[in-house]
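Shown next, in structure tokens, is the structure this report addresses.
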Amino acid sequence: MNSRPKKIVCIGAGYVGGPTMAVIAARCPDVQVMVLDLNAERIAAWNSDNLPVFEPGLREIVRQVRGRNLHFHPQAQGVSALAEADVVFISVQTPTKTTGEGAGKASDLQYVEACALLIAEHARGHTIVVEKSTMPVRAAERIQQILSTTQAGSTFAVLSNPEFLAEGTAIRDLEHPDRVLIGGEDPAAVAALKSIYASWVSPEKILTTGLWSAELSKLAANAFLAQRVSSINSLSALCEKTGAEVSEVAKVVGADSRIGPKFLQASVGFGGSCFQKDLLSLIYLCEHYALPEVAAYWQGVVDINEWQKRRFAEAVQQASVNRRVAVLGLAFKKDTNDFRESASLSVCRRLLQSGLEVIAYDPRVDGQRFAAELASPSHFSIATTAAQALAGAGAVAVLTEWDEFRSIPWATAKLSPGAVICDGRNIVDRLAVQQAGYGLRVIGSAVP
Ligand code: UDX
Ligand code: ADP
751 MNSRPKKIVC IGAGYVGGPT MAVIAARCPD VQVMVLDLNA ERIAAWNSDN LPVFEPGLRE
811 IVRQVRGRNL HFHPQAQGVS ALAEADVVFI SVQTPTKTTG EGAGKASDLQ YVEACALLIA
871 EHARGHTIVV EKSTMPVRAA ERIQQILSTT QAGSTFAVLS NPEFLAEGTA IRDLEHPDRV
931 LIGGEDPAAV AALKSIYASW VSPEKILTTG LWSAELSKLA ANAFLAQRVS SINSLSALCE
991 KTGAEVSEVA KVVGADSRIG PKFLQASVGF GGSCFQKDLL SLIYLCEHYA LPEVAAYWQG
1051 VVDINEWQKR RFAEAVQQAS VNRRVAVLGL AFKKDTNDFR ESASLSVCRR LLQSGLEVIA
1111 YDPRVDGQRF AAELASPSHF SIATTAAQAL AGAGAVAVLT EWDEFRSIPW ATAKLSPGAV
1171 ICDGRNIVDR LAVQQAGYGL RVIGSAVP
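Residues 751 to 1198 (this note's numbering) make up the sequence shown, in order.
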């Protein structure tokens, strides 16, 4: 089949599947898009005004296309749509394995395999199956193997179409991507998927490669981005010792057009569901293919990130003038409600372990869900405003770069006298803190 697909099904209504399908539906009004998820509660939220994913611009797009050519259904009710689908996207989680071979490093493909089984059972005729979730190299082989068990005489073409959107800017990234990547060995299937993206992406930005290159490119892109953050974070420690300012160093280094200015913002450490997981998956692959030197190289990126989070938590512990620490920001970055692998999770766990009391504020994260991820949440509480979190605190840890944290009125904040603000994002108004008489520690700066 090389004609334009008319019916798309996406399995997985998460941070990737939901926004991606919303933009496809908006840009391709002639295509019917159905999103399925095992989690009926999540589907109900997608069908409500309270979407399960917070992304600037997402709500407006969903309102425009939901019920027109975008439909969300619990898997049990919508599974029959697979029989008529021209294209099925697999957009489920691929977390790091916690047990079995490769535990702690390899990606867990059980959710992907369950999708492949479902497709094998329900698809009819010819179906293009698209890996949207980030997969380890040669995962498509496993999907193909499972699809070939179909009893219905169906045929399949498997493509890799990894998503490069970043959370917080998902809609912008989907609407104006740097590139779209389609990996596959079946030209007709590649052309069919290309015709969907060509509705709004210029052809020179749609890159086509072999399957394995596509799978590896996605891991490589995330590894390169994470490496830049670890590189600048490693230098942030040296700046603190030498009196250099990491933001000045980053500006100068990034002004070299060969290096570029993006992703050089020193921080308390990268978080999110992708960087660490994809680095570990890459490391596992290198070990699997007996490339220990390459594995060790990328392991260094993970190690610096762990060290950065740890040394920040230790700095907060040492700085606090009492047992109460205010945490500003739980999300792994601004403009998202996602806190998976966030630096905040790691820092809060350490602070609680050391016996401190933590009161946290985040404008978007569901505090109860965050607390459920902590081993000892009894000394953890949630404030509904930044001012409430700050009251009486002996130290403040600024962990997410939410815009509102740039302009906290420190003069009226009721911190404990002598309290210290530890800025893990280099966004706090230094003068305002100094004028209010509080101490300040900033990642990558020896000031004040
Ligand atoms: C990343 C990739 O950017 C995206 O292309 C891929 O599809 C998924 O993984 P995401 O994890 O959503 O996206 O966000 P990203 O903007 O990459 O930030 C990741 C982490 O790095 C965040 O915790 C962020 O705060 C941190 N970061 C980023 C820094 O600490 N400094 C920087 O300069 C940039
Ligand atoms: P991502 O960030 O990759 O989008 P999420 O965890 O946000 O990952 O979303 C993945 C979604 O996939 C979840 O809502 C989960 O319920 C759903 N899911 C996982 N396995 C299956 C499956 N076999 N069938 C349908 N949905 C699934």
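Backbone N, C-alpha and C define an ideal beta-carbon position, used for all residues, glycine too.
| Check | Outcome |
| --- | --- |
| To the nearest angstrom, how far is it from the Cα of V1178 to the Cα of T770? | 34 Å |
| Taking the alpha carbon of I1209 as the point to measure from, which residue in Q1184, G1168, M885 has its own alpha carbon closest? | Shown here, the chain extends from 751 to 1198; a query on residue 1209 therefore has no answer. |
| Taking 8 Å as the threshold, find out whether the region 831–847 comes into contact with the region 856–876 through three or more Cβ pairs. | yes |
| Look up M751 in the DSSP assignment and say whether it is helix, strand or coil. | The pLDDT assigned to M751 is 48, lower than 50, so where the model puts this residue is not dependable; a value taken from the coordinates is nonetheless given after this. Correct three-state label for M751: coil. |
| Collect the residues with a C-beta less than 6 Å away from any heavy atom of the ligand ADP and give them in sequence order along the chain. | I761, G762, A763, G764, Y765, V766, G767, L786, D787, L788, N789, R792, Q825, S841, V842, Q843, Y861, A864, C865, S883, S1023 |
| Any idea if Q901 is buried or exposed, counting beta-carbon neighbours within 10 angstroms, 16 or more meaning buried? | exposed |
| Is the separation between the beta-carbon of V1170 and that of L1190 shorter than 8 Å? | yes |
| Determine the direct distance from the alpha carbon of W1152 to that of S832, and round the result to whole angstroms. | Per the sequence shown, residue 832 should be read as Leu rather than Ser. When rounded, the distance between both Cα atoms is 41 Å. |
| Whole angstroms are fine: how far does the CA of L909 sit from the CA of N752? | Low confidence applies here, because N752 scores a pLDDT of 49, under 50, leaving its location unreliable; read the following figure in that light. If I take the Cα positions, the gap works out to 14 Å. |
| Between the region 1011–1021 and the region 1030–1041, can you find at least three pairs of beta-carbon atoms closer than 8 Å? | no |
| Using only alpha-carbon positions, find the residue among I774, V773, G852, V803 that is nearest to K1027. | G852 |
| By Cβ distance, which residues of its chain are closer than 7 Å to H823, with the 5 residues on each side in sequence left out? | M784, L786, I793 |
| Beta carbon of K1083: closer than 7 Å to some heavy atom of the ligand UDX? | yes |
| Considering only the alpha carbon of each residue, which of S986, R1061, R978 lies closest to C1098? | R1061 |
| Measuring from the CB of T1017, is there a heavy atom of the ligand UDX at a distance below 7 Å? | This sequence places Ser at residue 1017; Thr is not what is there. Yes - the ligand UDX has a heavy atom lying nearer than 7 Å to the Cβ of S1017. |
| Out of R1180, T992, V773, state which residue places its alpha-carbon closest to the alpha-carbon of I946. | V773 |
| Taking DSSP as the reference, what is the three-state secondary structure of L909? | strand |
| Based on DSSP bridge pairs, tell me the residues matched to Q782. | K757 |
| If you draw a straight line from the alpha carbon of I1033 to that of V1052, how long is it in whole angstroms? | 10 Å |
| Considering only the beta carbon of each residue, do A873 and T899 sit closer than 8 Å? | no |
| Roughly how many angstroms lie between the CA atoms of T959 and L975, to the nearest whole one? | 21 Å |
| Pairing CB atoms from the region 1126–1145 with CB atoms from the region 1055–1072, are three or more of them under 8 Å? | yes |
| In the DSSP assignment, what are the bridge partners of V1170? | A1145, G1189 |
| Is V1178 a contact residue of the ligand FMN, with contact defined as CB to any heavy atom under 7 Å? | Among the ligands present in this structure, namely the ligand UDX and the ligand ADP, the ligand FMN is not found. |
| Given a cut-off of 8 Å on the beta-carbon distance, is the pair V837 and L943 in contact? | yes |
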